[in-house]
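Structure, as structure tokens:
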Amino acid sequence: MEPPVTPLHVVGEFLRELLLRVPLGAARALFVGTLVVLLIWVLRLAPEETTGRAGGTHHNLKPWAALALLVQIVIYLFV
Amino acid sequence: MGHLAPVDLLIVVLYLAGTLVLGVAIGRRINTGQDFFLAGRRLPWWAIGFSLVATDIGGTDIIGVGGAAYSYGLAVANFEWIGCVPAMIAAAFLFVPIFWRAGVYTVPEFLERRFDARVRTALALCWLTFMACNLGIMLFASARMMHVLFGWAPLVSILVMAALVGVYTMAGGLAAVVYTDVIQCIVLIGGCLLVLVIGLVELGGFGGLLERLEALDSTTSAAAAGYATTLILPVDTPTPFPWTGIFFGLGLIMGPAYWIGNQAIIQRTFGARSEFDAKASYIWGALLKNLLPLIIAVPGLIALARFPELAQGDEALPTLVAHLMPAGFRGLFLAAFLAALMSSVDSYLNSAATLLTHDIYRRFVDPGASDVRLLRVGRIVTAGLIVWGIGFALYLAQLEGSGIYVIFQTLMAFFQGPALAVLLTGVLWPRATASGALAGFVGGVICSISLFAMNQPAVSATMGWQPLFRISEPFLYFVVWAFLVALALVIAVSHFTRPEPEDKIRPLIYRPFGWSHP
């Protein structure tokens, strides 16, 4: 006889069955898509939010943040 | 790992002496509480970035991540990649500048300004309990590892580590912690890089490694069963890393909660010499984080290819080092291990002292305390926490075998989801109120504890129902539900309570495209 379940078990099992149907390719797209959205947000940030002076020189953080995210996108596309 | 040559011991002694001398030298320049807790707000971005990475990688992680890669494959690298990099980038531009401009010492102090003293105290008590206990847990876990690796008596390891870290942290505060972390991060990366390079040369490069992994018998380990070099694993994977837990639990909740709300991590940006340095430190840390799995996870795969019959994953890295590293290089690896251990213990020690001094002593005992008095209190509290850490580590050593420290770490992780919900709504949603934040935090913590309890085998057996979760370590799922419950409660209760005054919250809210600089 199957052990009794609570409403939480029902909800959990429903979600589990649903997520089991998601192909791994779609899961990968979710990882990469999230990183791409973050990259677009970074690239659209106003200059005053990403620039400043350090050690007497003017710097822009945007290219470096974009680089960190691009490396992640490549990793999650291919590994 | 066995025998160490005299040259190995010399390298370790030189590393430890160098760290101690630097930390104590910095301590001579500490004159006020702000010097001690925030390094006088003079820290440069590059030092904070190194420190962030060093703090995040503990001594047990060096062995544990390699061991998990050996057992479960490269999926463990998700904790360094999707669990860190996106959260660090988002935090750099959303949260770090607001915290830095607020000029606070602690995250709970920020929450009092945004909400009220109840929210501050609730968060401070949770973080303080977590950090104080984590001190003992880190000392105990590392001492146990030193016993396994080198045969050192746990009591000696605990006392020596606590004394070394305690002396320079008590003398130099956050500045000593950050600048010794710079050395420790470089030693950590250098030592692990050596293992990677020598291991890859032995196998004929990355191509040789992949060939050996593909040739493994699929019954050898979980990693060999097709998972060795894959990041995204199916929902029903036999490993603890299904993609659902990694994406929703780690990537969206645990990672941001850690990089935004963990006092031991974000406190060093409060001490940055400028808002730009604070932001740049997180970007620099994110760039470094991209490299870390290569040097701490891939050696586990090299061990799998080279020694596929090990009984436990945690034997992977020590076995690799013992077989591949010549005399002198073993000392470098041991120095890297000690660096990882010390850089985490010193950060948690300093941050726990900051919480105790500012969120408890200054808030409730002596609100008018001078900066010099706070320095004295900070040093006394640091000394007290060292004694506590030693005592708790020795207590855990008596309970060895019961796995209590793993359970404790899991339990303490439960408030991270609710804490993130409070921080997110606090900074991004002006309508969030103090009562909403308190209800969300308390409700979220109750939710996590309930889910944890309901999933315990003893509870399931007594009630006659199945466990709620199917994977072995479902904390990545608890945290999602706790976050969602907390978020729903913050929103619901805020709608029924009076909004916070606009003047009070204006400088504490993120407004895009320069709106935050009226």
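Going line by line, the protein sequences match chains A and B. With positions in the first sequence counted from 1, the corresponding number in the working numbering is that position plus 1340. With positions in the second sequence counted from 1, the corresponding number in the working numbering is that position plus 6. Every residue gets a Cβ at the ideal spot worked out from N, C-alpha and C, and that includes glycine.
Kindly identify the DSSP beta-bridge partner or partners of residue i.
i, result
"A/Ala1394", "A/Thr1397"
"B/Leu239", "B/Pro248"
Taking DSSP as the reference, what is the three-state secondary structure of residue i?
i, result
"B/Pro505", "coil"
"B/Ala278", "strand"
"B/Leu10", "coil"
"B/Leu429", "helix"
"A/Leu1385", "coil"
"B/Leu165", "helix"
"B/Leu49", "strand"
"B/Thr61", "helix"
"B/Ala234", "coil"
"B/Glu86", "coil"
"B/Thr66", "helix"
"B/Gly213", "helix"
"A/Thr1346", "coil"
"B/Ala438", "coil"
"B/Met260", "helix"
"B/Pro332", "coil"
"A/Ile1378", "It is worth fixing the name first, because residue 1378 of chain A is Leu in this sequence and not Ile. Residue state, collapsed to three classes: helix."
"B/Ile511", "helix"
"B/Gly157", "coil"
"B/Glu315", "coil"
"B/Tyr483", "helix"
"A/Gln1412", "helix"
"B/Tyr516", "coil"
"B/Ala303", "coil"
"B/Ser522", "Per-residue confidence for B/Ser522 stands at a pLDDT of 45, beneath the threshold of 50, marking its modelled position as unreliable; the derived number appears in the next sentence. Looking at B/Ser522 - three-state DSSP - the assignment turns out to be coil, as it is neither helix nor strand."
"B/Leu222", "coil"
"B/Ile54", "helix"
"B/Ile272", "helix"
"A/Arg1368", "helix"
"B/Ile36", "coil"
"B/Asp365", "helix"
In chain D, what lies closer than 7 Å to residue i by C-beta?
i, result
"A/Ile1415", "Looking for chain D here will not work: the only protein chains present are A and B."
Just reading off the alpha helix (DSSP H) that residue i is part of, what are its end residues?
i, result
"B/Trp394", "Asp377 to Gln404"
"B/Arg476", "Segment: none, B/Arg476 is in no alpha helix (DSSP H) and carries neither H nor E."
"B/Thr360", "Phe335 to Thr360"
"A/Val1419", "Here A/Val1419 belongs to no alpha helix (DSSP H), and DSSP marks it neither H nor E."
"B/Arg119", "Val113 to Arg120"
"B/Asp41", "Gly39 to Leu44"
"B/Thr468", "Pro463 to Met469"
"B/Arg107", "Val102 to Ala108"
Less than 7 Å separating the beta-carbons of residue i and residue j?
i, j, result
"B/Ala270", "B/Ser148", "no"
"B/Ala98", "B/Tyr288", "yes"
"B/Tyr483", "B/Gly251", "yes"
"B/Pro436", "B/Ile511", "yes"
"B/Thr25", "B/Ser350", "no"
"B/Lys295", "B/Val91", "yes"
"B/Leu426", "B/Phe481", "no"
"B/Ala303", "B/Val110", "no"
"B/Met6", "B/Ala389", "Given a span of 7 to 524 for chain B in the structure shown, any question on residue 6 of chain B remains unanswerable."
"B/Thr112", "B/Leu361", "yes"
"B/Ile477", "B/Pro246", "yes"
"B/Val496", "B/Ala440", "no"
"B/Gly79", "B/Ala234", "yes"
"B/Leu380", "B/Gly277", "no"
"B/Val393", "B/Thr363", "no"
"B/Asp187", "B/Ser77", "no"
Measuring from the CB of residue i, is there a heavy atom of the ligand ZN at a distance below 6 Å?
i, result
"B/Leu141", "The ligand ZN is not part of this structure, which contains no ligands at all."
query: Taking Cβ-Cβ distances below 8 Å as the criterion, which residues of the stretch 1387-1398 of chain A are in contact with chain B?
result: Glu1388, Glu1389, Thr1390, Thr1391, Gly1392, Arg1393, Ala1394 and Gly1395
Against chain B: residues of the stretch 1357-1379 of chain A by CB proximity under 8 Å: Leu1359, Leu1360, Val1362, Leu1364, Ala1367, Arg1368, Leu1370, Phe1371, Thr1374, Leu1375 and Leu1378
message: At a CB distance below 8 Å, what residues from the stretch 265-282 of chain B approach chain A? Give them in sequence order.
response: Ser280, Glu281 and Phe282
message: Please identify, using Cβ separations under 8 Å, the residues of the stretch 51-63 of chain B that lie next to chain A, in order along the chain.
response: Trp51
message: Using a Cβ-Cβ cutoff of 9 Å, what residues of the stretch 232-248 of chain B are near chain A? List them in chain order.
response: Thr235, Thr236, Leu237, Ile238, Leu239, Pro240, Val241, Asp242 and Pro248
- prompt: What residues from the stretch 286-307 of chain B come within 7 Å of chain A, judged by C-beta to C-beta, listed N to C?
  reply: Ala286, Ile289, Ala292, Leu293 and Asn296
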